[in-house]
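Here is the structure we will look at.
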Amino acid sequence: MPQQLPYQTVLKPYGQALVRYALDHPELICLGADLTRQTETDMFRDHPALASRFFNGGMSEQNLMGVAAGLAREGRTVFVNTFGVFATRRPFEQVAMQISYANLPVKIVGLMPGLSSPGGPSHQAIDDVALMRALPNFTVVDVADAREVTQAVAAVAERPGPVYLRLKRGEIPVIFDDDHRLDLDRAALVDPDPAGATASVDLVIFASGMLVAAALRAADSLRRAGTTVHVVNVTTIKPLDVETIRTLAAGARAVVTAENHSVVGGLGSAIAEVLAEVGASPPLRRVGVPDTFGRAASARSLFAEYGLTAQHIVDAAWGLLPTNGDAPTVSEIETPTGAYSPV
1 MPQQLPYQTV LKPYGQALVR YALDHPELIC LGADLTRQTE TDMFRDHPAL ASRFFNGGMS
61 EQNLMGVAAG LAREGRTVFV NTFGVFATRR PFEQVAMQIS YANLPVKIVG LMPGLSSPGG
121 PSHQAIDDVA LMRALPNFTV VDVADAREVT QAVAAVAERP GPVYLRLKRG EIPVIFDDDH
181 RLDLDRAALV DPDPAGATAS VDLVIFASGM LVAAALRAAD SLRRAGTTVH VVNVTTIKPL
241 DVETIRTLAA GARAVVTAEN HSVVGGLGSA IAEVLAEVGA SPPLRRVGVP DTFGRAASAR
301 SLFAEYGLTA QHIVDAAWGL LPTNGDAPTV SEIETPTGAY SPV
């Protein structure tokens with residue numbers, strides 16, 4: 001279950017988890033692309049027991065994917081680490097032909113997803129999910145909080161075949177309780193509506209990654225206005241947990257998807273495809289980056305400008321439901337240093 005806002009944060013959970021896992025698994029190799037500190041892999045590089053298993057390929061991502069494929073063919077589990085846009089868009093041909101086609105155990109870790117990067121369109125991976133879920137054999141994972149980041153390293157490493165792991169770097173919120181368990185095969189109903197626990201609900205919000213926190217905040221505002229809401233954390237975007245999605249959507253009057261990614265080709269598209277194949281589904285709205293490139297600015301201002309806030313989720317839901325009056329307003333939350341609240 002989710003904790004109360006504001007969420008406490010953990011610094012660099014990915015880097016810490018990768019080191020812990022690698023110490024017990026000598027087959028793991030870590031590759032970088034001249035972004036070692038920025039991808040938290042300096043911890044791996046600087047550890048005396050692991051330094052010999054770290055290789056920096058420089059700003060040559062196409063070549064680096066070939067190196068990863070070669071190591072994987074020799075029985076290694078390979079983690080390739082760089083920003084999401086450089087892990088997917090730039091070396092897509094090499095990923096497709098050398099890793100995906102051969103179904104190799106290469107785990108590509110794309111950090112700074114979507115509009116979390118202030119670097120403008122050259123650094124904002126708003127199309128990475130669309131690219132990677134189009135590749136056969138790939139598992140595509142977008143984690144929501146520090147507990148999931150920590151558990152994702154082992155889960156991804158032990159998942160057969162290639163995996164694309166999408167995650168934010170640096171200070172990561174702790175959204176879920178200690179007993180939360182990451183399951184790459186299941187979409188998790190992380191915030192069931194008490195009034196709709198055994199019955200149909202007005203709304204189901206399917207969210208992934210950084211937008212899970214915003215979905216939880218939106219659900220709270222909608223419930224205060226009398227709307228029943230389930231929030232579902234879709235950690236694995238490919239392969240989708242089709243059965244859970246169909247079951248929960250069938251009991252809802254409306255569906256909203258929320259993602260830090262383009263509305264074209266990502267989670268929203270994947271959910272829409274599933275529901276369309278059912279033949280009868282509730283109305284759906286997709287919250288995400290519109291069909292446009294972003295610009296250089298802070299993540300918080302970009303989320304507000306491009307429609308990735310809790311209020312945008314509320315507004316999308318309100319427009320689908322037979323409600324009267326204006327949509328409820330998502331209240332501001334005081335967030336002290338070392339804590340996190342979604343936009």
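In this text, residue positions in the sequence shown follow UniProt numbering: the first is 1, and each later residue adds one. Glycine included, each C-beta is placed from N, C-alpha and C at the ideal position.
**Prompt:** With residue 144 and residue 25 assumed to form a contact (beta carbons below 8 Å), what rounded beta-carbon distance in angstroms separates them?
**Reply:** Not confirmed; about 25 Å, so no contact.
**Request:** Note down, in chain order, each residue of its chain lying with its Cβ closer than 6 Å to the Cβ of residue 206, except the 5 sequence neighbours on either side.
**Result:** 232, 234, 257, 271
**Pick from 68, 80, 245 that is closest to residue 189, judged by C-alpha positions** = 245
**Segments assigned alpha helix (DSSP H), at least 4 residues, entirely inside the stretch 298-326** = 299-306, 310-318
**Prompt:** What residues match up with residue 230 in a beta bridge as DSSP calls it?
**Reply:** 204
**Asked** Secondary structure at residue 124, three-state DSSP: helix, strand or coil?
**Response** coil
**Request:** Under 8 Å by Cβ, that's how I've got residue 149 and residue 17 pegged, so tell me the actual separation to the nearest angstrom.
**Result:** 7 Å
**Asked** How should residue 333 be labelled, buried or exposed, when 16 other C-beta atoms within 10 angstroms of its C-beta is the threshold for buried?
**Response** exposed
**Asked** For the beta strand (DSSP E) that contains residue 173, what are its first and last residues?
**Response** 171-173
**Message:** Below 8 Å, how does it come out for the stretch 74-88 and the stretch 178-185: are there three or more Cβ pairs, yes or no?
**Reply:** no
**Request:** Could you spell out where the alpha helix (DSSP H) holding residue 250 opens and where it closes?
**Result:** 242-250
**Item:** DSSP three-state assignment for residue 343, whether helix, strand or coil
**Value:** coil
**Message:** Pull the bridge partners of residue 8 from the DSSP assignment, please.
**Reply:** 339
**Message:** Would the stretch 87-104 count as touching the stretch 34-46 if we require 3 or more Cβ pairs under 8 Å?
**Reply:** no
**Local conformation of residue 40 per DSSP, three classes** = coil
**Item:** For residue 290 and residue 306, believed in contact at Cβ under 8 Å, the rounded distance
**Value:** 6 Å
**Request:** List the residues that DSSP assigns as beta-bridge partners of residue 142.
**Result:** 166
**Prompt:** If you draw a straight line from the alpha carbon of residue 319 to that of residue 274, how long is it in whole angstroms?
**Reply:** 22 Å
**Message:** Measuring straight from C-alpha to C-alpha, what distance separates residue 243 and residue 279?
**Reply:** 14 Å
**Inter-residue Cα distance where the pair is residue 70 and residue 64** = 10 Å
**Asked** Helix, strand or coil: which one does DSSP assign to residue 102?
**Response** coil
**Distance, residue 294 Cα to residue 107 Cα** = 27 Å
**Asked** residue 134 by DSSP, collapsed to three states: which one?
**Response** coil
**Request:** Would you kindly work out how many angstroms separate the C-alpha atoms of residue 344 and residue 32, rounded to a whole number?
**Result:** The structure shown has nothing for residue 344, since the chain only spans 1 to 343.
**Request:** Following the continuous alpha helix (DSSP H) through residue 188, name the residue where it begins and the one where it ends.
**Result:** No alpha helix (DSSP H) contains residue 188, which is instead part of the beta strand (DSSP E) from 188-191.
**Asked** Taking all protein chains shown into account, do 16 or more other C-beta atoms lie within 10 angstroms of the C-beta of residue 4, making it buried, or fewer, making it exposed?
**Response** exposed
**Message:** Rounded to whole angstroms, what is the Cα-Cα separation between residue 296 and residue 209?
**Reply:** 21 Å
**Request:** Give a yes or no on whether the C-beta atoms belonging to residue 287 and residue 308 are separated by under 8 Å.
**Result:** yes
**Asked** Would you report the Cα separation of residue 200 and residue 252, rounded to the nearest angstrom?
**Response** 6 Å
**Item:** Closest by C-alpha distance to residue 89, when choosing among 176, 125, 105
**Value:** 125
**Prompt:** Would you call residue 276 buried or exposed, if buried means 16 or more other Cβ atoms sit within 10 Å of its Cβ?
**Reply:** exposed
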